[in-house]
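In mature numbering (1 follows the signal peptide of the UniProt record, and there is no 0), the protein residues as written are -21 to -1, 1 to 105. The beta carbon of each residue, even a glycine, is placed where N, CA and C say it ideally should be. Remember, predicted model here, so these are calculated numbers, not experimental data. Have a look at the structure below before the remarks.
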Amino acid sequence: MKNKLAVVLMLGITLSTTSCATIFTGTQDSIAFSSTPEGAKVFHKGIEKCTTPCTTKIPRALGKQMITFEKEGFEKKEVKLTKNFNAVTLLNIILGGAIGVGIDAATGSLTKYSPKKYDVELQAKP
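This is how it looks when you write it as structure tokens:
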């Protein structure tokens, strides 16, 4: 009976600590955007997120993430969001194993965006 209880407790602890990065750091980051001139619309995956200067939440993902700035009379500008490894994921490798790392990978929480502020200069159309 004690062995069964120990197994159940260990299973509960393991499952509760999986996906640490997802639980502790979430699945999106707040990022500030500004442009010269101000008033550019900021798009992520074709969806308007805000108008500069602004801060908005961008979901994390493992793939390349692009932000597009658009303002009438100016050339459209695309910027690639850069990411760093999310150190909280190391807890999963130690405590949660493949399940936790898999969950963090699926939610994009293996990485986080850095920097958290992007400034762009838009070029006037000829």
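- Bounds of any beta strand (DSSP E) do not take in Pro16, whose DSSP letter is neither H nor E.
- Taking C-alpha positions only, Glu49 is separated from Glu27 by approximately 10 Å.
- Counting C-beta pairs with one atom in each stretch, the segment 46 to 64 and the segment 10 to 19 have three or more that are closer than 8 Å, which means they touch.
- Bridge pairing for Ala11: Thr34 and Lys96 [DSSP].
- The alpha-carbon separation between Leu41 and Ser93 amounts to approximately 14 Å.
- Ranking Phe22, Pro38, Arg39 and Ile37 by CA distance to the CA of Thr31 puts Phe22 first.
- In the displayed model, Ala103 falls within a strand according to three-state DSSP.
- In the structure shown, the three-state DSSP call for Thr6 is coil.
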